[in-house]
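Colleague: Got a structure for you, questions after.
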Amino acid sequence: MQELEKRLKLVRKKINKAAGRIGRDSSEIKLVAVSKQQPMEKIRFFLEKGIKIFGESRAQELREKQKEFSDCDISWHFIGHLQRNKVKYLVRMANCTLIHSLDSLRLAREIDKRARKNGRVVPVLVQVNTARDENKYGIMPEDTIDFLSKIKDLEHISVRGLMTLVPYFDDPGEARPYFHCLADLRETGREMGFELAELSMGMTSDFEVAIEEGSTMVRIGRALFGPRDY
Ligand SMILES: *Cc1c(COP(=O)(O)O)cnc(C)c1O
């Protein structure tokens, strides 16, 4: 557990430094601790250290984990590809407070429908495939504004911003153009009247670059928890 404490300190220090480099206040940057394939006791440790947001990428795993922590002040973010038949489980969880990975119109309609049934408005981010990788999910950059317009009238989802997942590079600087692309899209969207407060970008390998490019939410797994239990 000492190891975890050290990692947390280091991650916080790096977030502060990266924010400082471009004159940002690090309190604008939310830390999402990505707990997928990590044991309950590590989650509990970080909870006790004041981490409030945990990210999971599988609906089933999220269901099991949130039961374990149902008595805690905790928010779960869904960050993985979401199948439509799993939407109902997430929407039922009051402490599942953000879906980062809205990546199709059909999914948007399903979330809206389920949220309506549950009397909720579900906050979401639109996932953008900034790297234009055919094997990855997400809306293509050039289609993003059109997509935002199409989902604007769905009353039971609330679009809070954009998210991207970039390829892995040995040199994190190579991820910069993709982060820049997402930040640019947000600007364009804002000029057209979309709110888009959040930019979810940056993970263990590249979160410092993402912060320099304007990230408001970093999704960090291994740098906090250590290697995942595959
Ligand atoms: C697993 C995952 C992360 C965290 O990855 P690390 O490299 O462990 O920081 C972030 N975002 C998404 C969408 C993920 O699936």
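All residue numbers for the sequence shown refer to this note's numbering, where the first residue is 1071 and numbers rise by one. For glycine and all other residues, C-beta sits at the position ideal for the given N, C-alpha and C.
1. May I ask you to report which of helix, strand or coil DSSP gives Ile1113?
2. Return yes when the C-beta of Leu1235 is under 6 Å from any heavy atom of ligand 2, and no when it is not.
3. Which ranges does the alpha helix (DSSP H) cover as unbroken runs of at least 4 residues, wholly within the stretch 1200-1282, from first to last along the chain?
4. Can you tell me where the beta strand (DSSP E) with Leu1101 in it begins and where it stops?
5. Going by DSSP in three states, Val1191 sits in which element: helix, strand or coil?
6. Going by CA-CA distance only, name the one from Glu1261, Asp1276 and Asn1165 that's closest to Glu1138.
7. Kindly examine ligand 1 and report whether one of its heavy atoms sits closer than 6 Å to the Cβ of Arg1292.
8. Please report the Cβ distance between Glu1098 and Thr1286, rounded to the nearest whole angstrom; I am assuming they are in contact, meaning their Cβ atoms lie under 8 Å.
9. What residues are listed by DSSP as bridge partners for Glu1126?
10. Return the residue from the list Phe1217, Thr1258, Gly1259 and Gly1291 that minimises the CA-CA distance to Thr1274.
11. Tell me which residues share the same chain as Ala1280 and place their Cβ nearer than 7 Å to its Cβ, disregarding the 5 neighbours each side in the sequence.
12. Sort Glu1134, Glu1282 and Arg1128 by Cα distance to Pro1242 and report the nearest one.
13. Which class does Ile1290 belong to by DSSP, given the choice of helix, strand or coil?
14. Please find out if some non-hydrogen atom of ligand 1 comes closer than 6 Å to the beta-carbon of Met1273.
Modeller: If we stick to the structure as given:
1. Taking the first residue of the sequence shown as position 1, residue 1113 is located at position 43. The answer is helix: DSSP assigns Ile1113 an H, G or I state.
2. With respect to ligand 2, the structure shown offers nothing to examine, as its ligands consist of ligand 1.
3. Here the runs fully enclosed are 1214-1221, 1246-1261 and 1277-1282.
4. Along the sequence shown, one-based indexing puts residue 1101 at 31. Residues Lys1100 to Val1104.
5. Sequence index remark: in the sequence shown, residue 1191 carries index 121 (1-based). Reduced to three states, the DSSP call for Val1191 is coil.
6. The sequence position of residue 1138 within the sequence shown is 68, counting from 1. Closest option to Glu1138, Cα to Cα, is Asn1165.
7. Here the question's residue 1292 lines up with position 222 in the sequence shown. Relative to ligand 1, the beta carbon of Arg1292 is positioned inside 6 Å of a heavy atom.
8. Taking the sequence shown and counting its residues from 1, the one referred to as residue 1098 is at position 28. Taking the sequence shown and counting its residues from 1, the one referred to as residue 1286 is at position 216. Right, the Cβ-Cβ distance comes to about 6 Å (below 8 Å), so this counts as a contact.
9. Position 56 of the sequence shown holds residue 1126. Beta-bridge pairing links Glu1126 to Phe1148.
10. Within the sequence shown, the letter at position 204 stands for residue 1274. Of all alpha-carbon atoms in Phe1217, Thr1258, Gly1259 and Gly1291, the one lying nearest the alpha-carbon of Thr1274 is that of Gly1291.
11. Position 210 of the sequence shown, counting from 1, holds the residue named residue 1280. Here the set comprises Phe1249, Met1271, Gly1272 and Val1288.
12. Locating residue 1242 in the sequence shown gives position 172, where the first residue counts as 1. Measuring C-alpha to C-alpha distances from Pro1242 to each of Glu1134, Glu1282 and Arg1128 identifies Glu1282 as the nearest.
13. Sequence index remark: in the sequence shown, residue 1290 carries index 220 (1-based). Reduced to three states, the DSSP call for Ile1290 is strand.
14. Position 203 of the sequence shown, counting from 1, holds the residue named residue 1273. Answer for Met1273: yes, Cβ within range of ligand 1.
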